[in-house]
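Chains as they are written, first to last, in the UniProt record's numbering: chain Z, 1 to 263; chain E, 1 to 632.
Written out as structure tokens, the structure is:
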């Protein structure tokens, strides 16, 4: 199995020092833990390889670096290299840290390479030739997905914590500089508006102003909202599922109630 | 036998034979030490200083157990004197001089008395800390050699011989040759290896009266980092572990052992010995708490650390690097160096830090603070107190190094007290503010030498841009790093602990504290101040200057017990049966003092965190400030 881990030049959120984003260190751990990995390597497109050398100490034996000028779009260069080496799994973080943080690179790559993308994965395991991925749905809910590679996987911050950095490994690892991308393609302009951050109170609809603390918490966390009133069916019979959906749609008024049988 | 060769020749011959056998056994051991890495050793200097190191430095430690000291004086002195006198009798004029044999008999009789003292220590019951095993047969060998020797020498003095002479000689030979044989694996190894260890000690500075406690810097370009297997240690370190006499003084001093964490310094050293030599007889002392049996491969190239190896990683990470074991070791073994060397390999080569320590060490590397907090907020504790920045002042007489404790809410109170005292005494001081990074102490104790050196170089570069005369810090860990460990990387500073500096201010009359006779105080020595730097008097003198009723805990000064806060132990958090600070606070409660005075942010945090605490935790600076305010 060949695994590529996409690496971005991150900045520490507090010190601003160039660091490997934590989530990419988690992605490396996830990749290294897949067993029977024949080739695990990092891939970075950017102006400078020094920024991602730290990833070598996290367990990557080698990193491929495609030189791309600052401000240029890294996606074509990454896609070209990934198409050439055809890894079984492309691992990435959810979004970069300290850069634009658009979180779009994995999606753009998946579209270019026509690969499926499984987002927010917290655990991965190889299972008779396929991949078993646990996808985070938030609030601890998980969905188990089985995919047959090749696939792009983005890592969720709830994945196992990164392994410790080992200086000796970083020293032994290699960074291979690949030929620079043929044509410089400026990054697509993202229509964004910048304004200073303002902390806003969280609006909780229908939150009771009185009541006990437990009730207010329940209201705030949505456990008394629509999510709490539904029913979770696990691998239901298709007929039951359809009946359940119809009942729900009728309940919220999308479908008319069944006509009363004539007597 | 006596009819062919006279007894006067056979008897000295026996001693020469013993010496030869002992030499062979030492040589077999030396073949093992030779697998270790090279180390610079000042042989002639060490040899010249051996008697002094033994009679002064070793005696100083051994004498803490008066019985052991007297026992050694009699048995070792007697054994050496008797053996040398007998060996000299190979010269015919001495052999034929009967009064000489009376002298020899007297020396053997002294040895016999000593041998009985050795036996009385182990029979009918030995103290718990001593190892059994081959040590239990030592008294019998000694008694056989000494009694046989006494009888033989008396017969020679009186002109007897015959059958009785043969029996006496056989007894002496059995004991003597047994003792010489035991030089390889048995109790007598401590004498041979111990003497060589004193000559080739890896920290000769220890014997020069200065605390030689700084960890030696690691060459980060070396092909292998740290120690993975016995062959990675230098040869004189391997020799030093062979010097271990299994007396167990280290285990009685070890805070992790007391807390039931899986560390026993004696077993650790014995595991290093057994790891080197597969033929080592089984260990016969107290096990690691939890009772993990020795397992895994053995040999010079066998892995030492691992869940399936000789030493479990939890054992390695339990150490608080408090040096209590080193302080107590009569054989002058450097346990902490061994622990750090093993940790270096785990951290630098394997990335096998304990799970909970990964985040602080990562933040230390990336943000210059183990909590990942902004460096600029280090001075937040001083809200409302004026705290000049050295960059704004263009220099100051005193640079106040705040350390990691400044981020802690509780410790902020101690630092505010210190700052107010400095103001009161009109000291020209300033802080680095956002330029101050962590000293890297935590990373270094956890084996991450690369991060330590990076932080140290950054700090040294920062300090080089400012003008100051001395550094004052309230954090003994920062003090130790700045004073003792930065010089190896090119940063040389005069570093003063705040207690010493405050004492200076009081003695110069710049602080005029009132007296607080109503307070009953006991002072808890921080390891990194007392043991690492030998400073035990200044904080006590400050407490005496403010007139508190001061009492001492049973373990105090250089022999104080650790609070559990050093060496990254709080972040490694290896589970035990008890907590180290709970044990220490129970010791403090024995004094009946209502206040435990501390002088270290780690001790403050650890001791303050004890539940059901009866005593208050106050920094020496806080108490002094109270006294100064009372004196106005």
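We put the CB at the ideal spot given by N, CA and C, even for glycine.
Host alpha helix (DSSP H) of residue i (start-end)
| i | result |
| --- | --- |
| residue 166/E | 162 to 181 |
| residue 83/E | 66 to 88 |
| residue 108/E | 98 to 122 |
| residue 336/E | 335 to 344 |
| residue 273/E | 265 to 276 |
| residue 701/E | Residue 701/E is absent from the model: chain E starts at 1 and stops at 632. |
| residue 453/E | 449 to 464 |
| residue 11/E | 7 to 33 |
| residue 364/E | 355 to 367 |
| residue 417/E | 409 to 424 |
| residue 140/E | 138 to 158 |
| residue 259/Z | Taken as a continuous stretch (DSSP letters only), residue 259/Z belongs to no alpha helix (DSSP H), as it is neither H nor E. |
| residue 105/Z | 105 to 113 |
| residue 595/E | Careful: residue 595/E lies outside any alpha helix (DSSP H), inside the beta strand (DSSP E) at 595 to 598. |
Residue i CB to nearest heavy atom of the ligand MG below 8 Å
| i | result |
| --- | --- |
| residue 203/E | Within the structure as shown, the ligand MG is missing, as the structure has no ligands at all. |
Endpoints, the beta strand (DSSP E) within which residue i is located
| i | result |
| --- | --- |
| residue 178/Z | 174 to 178 |
| residue 616/E | 616 to 619 |
| residue 2/Z | 2 to 6 |
| residue 36/Z | Note, residue 36/Z: premise wrong, no beta strand (DSSP E); not H, not E. |
| residue 122/Z | 117 to 127 |
| residue 399/E | 398 to 401 |
Proximity below 9 Å, CB of residue i to CB of residue j
| i | j | result |
| --- | --- | --- |
| residue 98/Z | residue 21/Z | yes |
| residue 443/E | residue 449/E | yes |
| residue 296/Z | residue 145/Z | Past the boundaries of the shown model lies residue 296/Z; chain Z is included only from 1 to 263, so the question cannot be answered. |
| residue 559/E | residue 255/E | no |
| residue 531/E | residue 324/E | yes |
| residue 593/E | residue 521/E | yes |
| residue 417/E | residue 546/E | no |
| residue 478/E | residue 365/E | no |
| residue 159/Z | residue 110/Z | no |
| residue 341/E | residue 518/E | no |
| residue 108/E | residue 147/E | yes |
| residue 422/E | residue 226/E | no |
| residue 529/E | residue 599/E | yes |
| residue 56/Z | residue 173/Z | yes |
| residue 59/Z | residue 166/Z | yes |
| residue 135/E | residue 119/E | no |
| residue 42/Z | residue 62/Z | yes |
| residue 268/E | residue 338/E | yes |
| residue 137/Z | residue 120/Z | yes |
| residue 317/E | residue 37/E | no |
| request: Take every Cβ of the segment 323 to 336 of chain E, pair it with every Cβ of the segment 426 to 440 of chain E, and state whether three or more of those distances are shorter than 8 Å. | output: By the Cβ test, the segment 323 to 336 of chain E is not in contact with the segment 426 to 440 of chain E, since fewer than three Cβ pairs between them sit closer than 8 Å.
| task | Can you give me, in chain order, the residues of the segment 436 to 451 of chain E that have a beta carbon less than 7 Å from any beta carbon in chain Z? | result | So the list reads 450, given in the order they occur along the chain.
| message | Would you call the segment 148 to 161 of chain E in contact with the segment 203 to 211 of chain E, where contact means no fewer than 3 C-beta pairs closer than 8 Å? | response | With a cut-off of 8 Å, the segment 203 to 211 of chain E and the segment 148 to 161 of chain E do not count as touching, because too few Cβ pairs lie within range.
| Ordered list of beta strand (DSSP E) runs contained in the segment 491 to 573 of chain E, each at least 3 residues | Within the segment 491 to 573 of chain E, the runs of beta strand (DSSP E) that reach at least 3 residues and sit entirely inside it are, in chain order, 495 to 497, 520 to 523, 549 to 551.
| Can you list, in chain order, the stretches of the beta strand (DSSP E) that have 3 or more residues and sit fully within the segment 48 to 100 of chain Z? | Correct list: 62 to 67, 89 to 92.
| message | Closer than 8 Å is the cut-off here; do at least three beta carbon pairs connect the segment 275 to 290 of chain E with the segment 122 to 138 of chain E? | response | Enough Cβ pairs lie closer than 8 Å, so yes.
| message | Short of 8 Å Cβ to Cβ, which residues in the segment 333 to 352 of chain E face chain Z? | response | When CB distances to chain Z are screened at a threshold of 8 Å, the residues of the segment 333 to 352 of chain E falling below it are 347, 348, 349, 350, 351, 352, in chain order.
| Positions along the segment 207 to 222 of chain E whose CB lies within less than 8 Å of some CB in chain Z | Per Cβ criterion, the list reads 220.
| What are the residues of the segment 27 to 50 of chain Z that lie near chain E, defined by any Cβ-Cβ distance shorter than 7 Å? | Flagged: no residues at all.
| Contact list for the segment 356 to 374 of chain E against chain Z, Cβ threshold 9 Å | Those would be 357, 358, 359, 361, 362, 363, 365, 366, 367, 368, 369, 372, 373, 374, in chain order.
| said: If the cut-off is 9 Å on Cβ atoms, which residues from the segment 224 to 249 of chain E count as contacting chain Z, listed in chain order? | reply: Flagged, chain order: 224, 225, 226.
| said: Within 8 Å, do at least three Cβ pairs link the segment 297 to 317 of chain E to the segment 13 to 31 of chain E? | reply: Here the segment 13 to 31 of chain E does not lie against the segment 297 to 317 of chain E, with fewer than 3 beta-carbon pairs under 8 Å apart.
| message | To test your reading of the DSSP string, which unbroken beta strand (DSSP E) runs of 3 or more residues are found completely within the segment 132 to 181 of chain Z? | response | Runs found: 142 to 147, 151 to 155, 174 to 178.
| field | Within the segment 463 to 487 of chain E, ranges of the alpha helix (DSSP H) (whole runs, at least 4 residues) | value | The qualifying runs are 476 to 480.
| field | Interface positions of the segment 149 to 169 of chain Z facing chain E (Cβ-Cβ less than 8 Å), listed along the chain | value | Residues of the segment 149 to 169 of chain Z whose Cβ lies closer than 8 Å to any Cβ of chain E, in chain order: 161, 162, 163, 164, 165, 166, 167, 168, 169.
| field | Touching by the beta-carbon criterion (3+ pairs, under 8 Å), the segment 181 to 197 of chain E and the segment 236 to 244 of chain E | value | The segment 181 to 197 of chain E, when compared against the segment 236 to 244 of chain E, does touch it at the 8 Å Cβ threshold.
| field | Where the segment 99 to 126 of chain Z meets chain E: residues whose CB sits under 9 Å from a CB there | value | Against chain E - using a Cβ distance shorter than 9 Å - the segment 99 to 126 of chain Z contributes no residues.
| task | Could you pull out every unbroken alpha helix (DSSP H) segment of at least 4 residues lying fully inside the UniProt domain "4Fe-4S ferredoxin-type" (235 to 265) of chain E, listed in chain order? | result | 235 to 242, 249 to 253, 255 to 258, all fully within the UniProt domain "4Fe-4S ferredoxin-type" (235 to 265) of chain E.
| said: Please list, in chain order, the residues of the segment 13 to 28 of chain Z that have any C-beta partner in chain E closer than 7 Å. | reply: Cβ proximity to chain E below 7 Å picks out 14, 15, 17, 19 from the segment 13 to 28 of chain Z.
| message | Assess contact between the segment 530 to 544 of chain E and the segment 483 to 500 of chain E, defined as three or more Cβ pairs (one per stretch) separated by less than 8 Å. Is contact present? | response | Segments in contact, yes.
| query | Would you say the segment 73 to 83 of chain E touches the segment 99 to 116 of chain E, given that touching needs at least three Cβ pairs under 8 Å? | reply | Yes, since at least three Cβ pairs between the segment 73 to 83 of chain E and the segment 99 to 116 of chain E fall closer than 8 Å, the two stretches touch.
| query | How do the segment 371 to 383 of chain E and the segment 393 to 407 of chain E stand: do at least 3 beta-carbon pairs fall below 8 Å, yes or no? | reply | Segments in contact, yes.
| How do the segment 65 to 81 of chain Z and the segment 26 to 40 of chain Z stand: do at least 3 beta-carbon pairs fall below 8 Å, yes or no? | They do not touch, by the three-pair rule.
| message | For the structure I just gave you, are there three or more beta carbon pairs, one from the segment 207 to 224 of chain E and one from the segment 16 to 30 of chain E, closer than 8 Å? | response | No: fewer than three Cβ pairs fall under 8 Å.
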